[in-house]
Each structure stands twice: as C-alpha cells, then as structure tokens.
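Taking it in order: structure first as structure tokens, then the write-up.
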Amino acid sequence: METVATPCPRFSGLRRSCPTFHNAPSQSFPPHINSLLRLSSSRKPSRAVVAMAGSGKFFVGGNWKCNGTKDSITKLVSDLNSAKLESDVDVVVSPPFVYLDMVSSSLTDRIEVSAQNSWIGKGGAFTGEISVEQLKDIGCKWVILGHSERRHVIGEDDQFIGKKAAYALNEGLGVIACIGELLEEREAGKTFDVCFQQLKAFADVVPSWDNIVIAYEPVWAIGTGKVATPQQAQEVHLAVRDWLKKNVSEEVASKTRIIYGGSVNGSNCSELAKQEDIDGFLVGGASLKGPEFATIVNSVTSKKVAA
Ligand code: PGA
C-alpha cells in the first residue's frame with residue numbers, strides 16, 4: 264500500500280500536525296466531494312503527538328461471523344487468553360450465537376463479547392431471534408448492527424437496523440454500528456451519500472451516542488482481500504466525523520470511535536492505524552487467528568507517533 268509521506272515537524276501535544284491525507288491526491292471521489300474534503304480537512308497544523316483526531320480509546324473488534332466449531336473456538340479462546348495485548352485498547356470478539364455463552368465464560372475479562380445481531384424489542388414469539396435481554400443475561404456487552412452482510416445478503420433496511428440499535432442502546436448494550444458503500448456506489452461517486460444516509464438512520468433514533476462505535480466497512484473490501492488504502496479509509500472517516508460534528512455535536516464527533524473494517528490483517532493494520540481518524544478496526548477473517556488478531560489489536564502502537 265502506498266502512503267503519501269510528508270516531512271513531519273516535531274511537536275508535542277495531542278494531534279498530529281501533518282496528516283498525510285491532506286496532501287494525498289484523492290483518487291476516488293468526484294470534484295464536489297473533493298472540495299468538501301478540502302473544506303472539512305482544513306484543520307490547523309498545531310500540536311501533535313498521537314495521530315488521533317477523536318478522543319476515544321482505540322477499539323478493535325473481531326467478527327467471527329458464521330465460523331467455527333467447539334474445537335476451533337476453544338483453541339481460539341485459548342490463544343486469545345494467552346496473547347499479550349496492549350492495555351490502551353478496547354478489545355471485543357463476536358462469536359456466533361451458539362458459542363456466545365461458552366466464549367464469554369472461558370474468555371479472559373480483558374476481552375468483551377459481542378453478539379452479531381439482536382431483535383428489535385423484547386423477546387417473545389419471534390422464532391429464531393435472540394433478544395437483547397438474553398444477550399445481557401449471558402454477559403454480552405455489545406452487538407454488531409447494520410453489517411453489510413445483514414443489509415445486502417439478509418435484506419435488512421435502515422429503518423429495521425435503526426430499531427434494533429435504539430432498543431439495544433436503551434437496554435444498555437453497546438452498538439457497533441456498521442456503514443459502508445457497495446463498489447458500484449463508490450464508482451458512481453455516491454460513497455458519502457450512502458454512508459451519510461446510513462448514519463442518519465442511526466442518528467434519527469438512537470437515545471445517545473455514548474455507547475456507539477461506528478464501523479466504516481466498504482462492502483467491496485469485506486472478505487475480498489482488497490483493503491481500502493489508508494487514504495481511502497481516512498477520507499471517509501474524516502467525512503463521517505465531520506458529519507457527526509455538523510449533525511449531532513462537536514463533542515460526539517470527537518469522542519465517537521470510527522473504526523475501519525474490510526480485509527484488515529496483521530500486515531496492513533499498522534499503516535491504517537496511523538491515519539488520524541481511524542480509531543480501530545472491525546476484523547473478520549483475520550480475527551479467527553489469535554496471534555494475528557493480537558497483532559491488529561497492538562497496532563495501536565503505530566498511533567503513538569512521536570512528534
Ligand atoms: P473481513 O471482514 O476482515 O474478513 O474483510 C470484516 C467484517 O465484515 O467485519
């Protein structure tokens with residue numbers, strides 16, 4: 264992956280002064296988007312140390328999807344339990360429903376557990392569904408909602424996803440809220456429109472942003488091995504933060520973690536982590552291997568750029 268390197272003067276403080284993105288040619292958006300990016304990226308070069316625009320702790324989630332057996336999951340849990348993880352990262356794994364209880368009772372407390380879906384309301388006569396109350400009952404702290412596989416394979420729409428998010432948050436579960444464009448939407452210059460519309464659907468219904476992590480996952484990068492370049496990811500993360508600033512509040516924009524997902528692995532995580540608006544990752548395939556997942560968690564060290 265190529266990054267655009269610019270000489271970085273030494274400063275001390277909280278924010279990197281020369282994010283590479285500002286000087287990178289934007290290859291992927293039409294002119295009106297580029298001008299928006301220029302407007303929204305006019306951060307003053309000021310203090311710098313940590314390449315982090317948001318104020319939240321680095322967050323890495325492992326989405327195991329519909330993978331694993333009792334044996335493979337026992338091994339994965341044991342690898343995770345013995346992994347050395349940097350302390351300044353929130354780490355979450357999301358096993359398939361049937362193994363949730365087993366994982367949450369055998370996994371170290373250092374790592375929290377997430378569900379991959381939840382029902383829109385209280386449990387009852389909803390065959391095949393799992394309620395937020397049941398998830399909390401087995402020690403689950405998070406739920407992934409709006410994942411592209413649920414949007415595009417299962418057919419969930421913004422409104423349905425919004426209902427799930429509102430209910431989960433009202434009941435005290437954290438939500439990993441996924442957004443992201445299809446390849447044809449990117450090629451048609453609609454990346455921001457799609458992401459903003461999906462974001463708005465969350466913003467319209469959620470009671471607060473305290474317990475939400477946004478996962479930007481371009482659909483064309485999920486499970487394809489085709490990772491977004493650090494610049495492509497940074498562009499959208501910056502735009503999402505800007506959207507939150509304008510449409511929710513400056514405080515929410517600063518404290519909400521915006522994590523990247525889509526073919527993240529042990530080799531590409533550190534370049535991505537260096538981007539100012541990337542606050543962590545949602546990892547699919549590579550989260551099924553304990554040591555590689557640990558490498559991704561520990562990519563937080565790339566964020567601590569000496570200024
Ligand atoms: P991937 O999946 O890392 O296998 O691309 C990411 C995700 O779907 O969350």
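Just so we're aligned, residue 264 is where the sequence shown starts under the working numbering, counting upward by one.
Yeah, the Cβ is synthetic: ideal placement off N, Cα and C, and Gly gets one too.
Notebook entry, point to check: In three-state terms, what does DSSP make of W405?
Noted result: In the structure shown, W405 sits in a strand (DSSP, three-state: E or B).
Next item on the list: Take every Cβ of the segment 518-526, pair it with every Cβ of the segment 472-490, and state whether three or more of those distances are shorter than 8 Å.
Entry: Output reads yes: the segment 472-490 touches the segment 518-526.
Checklist line | Span separating the alpha-carbon of G452 from that of A491 | finding: Rounded to the nearest angstrom, the two C-alpha atoms are 15 Å apart.
Next item on the list: Would you list the one or two residues that DSSP bridges to P357?
Entry: Here residue 357 is Ser; the residue named in the question, Pro, does not match the sequence. As a beta-bridge residue in DSSP terms, S357 pairs with N326.
Item checked: Cβ-based neighbour list, G402, same chain, cut-off 7 Å, excluding 5 preceding and 5 following -> Correct list, in chain order: S367, V376.
Checklist line | Start and end residues, alpha helix (DSSP H) containing E555 | finding: 553-560 is the span of the alpha helix (DSSP H), which, as asked, contains E555.
Next item on the list: Would you decide whether N561 is buried or exposed? Buried here means 16 or more other CB atoms lie within 10 Å of its CB.
Entry: By the neighbour-count rule (16 or more Cβ atoms within 10 Å), N561 is buried.
Notebook entry, point to check: Shortest alpha-carbon distance to A316 belongs to which of F556, D400, H500?
Noted result: It is H500.
Next item on the list: Would you mind reading off the limits of the beta strand (DSSP E) that contains G524?
Entry: Residues 521-524.
Next item on the list: Go ahead and pull the three-state DSSP assignment for S394.
Entry: Reduced to three states, the DSSP call for S394 is coil.
Check: Can T454 and E447 be called in contact, C-beta distance under 8 Å?
Finding: With contacts defined by Cβ atoms closer than 8 Å, T454 and E447 do not form a contacting pair.
Check: Can you check whether the CB of L363 is closer than 8 Å to the CB of N344?
Finding: For N344 and L363, no; Cβs fall outside 8 Å.
Notebook entry, point to check: Can at least three beta-carbon pairs, one atom from the segment 322-329 and one from the segment 534-549, be found at a separation below 8 Å?
Noted result: Enough Cβ pairs lie closer than 8 Å, so yes.
Item checked: With 16 other Cβ atoms within 10 Å as the buried cut-off, status of V438 -> With 16 or more other CB atoms across the displayed protein chains lying within 10 angstroms of its CB, V438 is buried.
Check: Whole alpha helix (DSSP H) runs in the segment 441-522 with 4 or more residues, listed along the chain?
Finding: Assignment of alpha helix (DSSP H) within the segment 441-522, counting only whole runs of 4 or more residues, yields 446-450, 454-466, 493-510, 513-518 in chain order.
Next item on the list: Could you check which residue in L436, N474, A440 has the C-alpha nearest to that of F423?
Entry: Comparing Cα-Cα distances from F423 to each of L436, N474, A440, the minimum goes to A440.
Next item on the list: Please confirm whether any heavy atom of the ligand PGA lies closer than 7 Å to the CB of N433.
Entry: Outside the cutoff, so no.
Checklist line | Any 3 or more C-beta pairs closer than 8 Å across the segment 465-477 and the segment 429-436 | finding: These segments touch.
Next item on the list: Select from G319, V323, S318 the residue whose C-alpha is nearest the C-alpha of E555.
Entry: The shortest C-alpha separation from E555 is found at V323.
Next item on the list: Measuring alpha carbon to alpha carbon, tell me which of T564, Q461, V563, A557 ends up nearest A346.
Entry: In terms of Cα proximity to A346, the closest of T564, Q461, V563, A557 is A557.
Note to self: Classify Q461: buried if its beta carbon has 16 or more other beta carbons within 10 angstroms, exposed otherwise.
What the structure shows: Classification for Q461: buried.
Check: Excluding five sequence neighbours on each side, which residues of the same chain lie with their C-beta closer than 7 Å to the C-beta of A466?
Finding: The answer, listed in chain order, is N510, V511.
Next item on the list: Identify which residue in E349, P359, D421, K489 has its Cα closest to the Cα of N528.
Entry: Looking at the Cα atoms, K489 is the closest of the given residues.
Notebook entry, point to check: Where does F423 sit, in a helix, a strand or coil, going by DSSP?
Noted result: The answer is helix: DSSP assigns F423 an H, G or I state.
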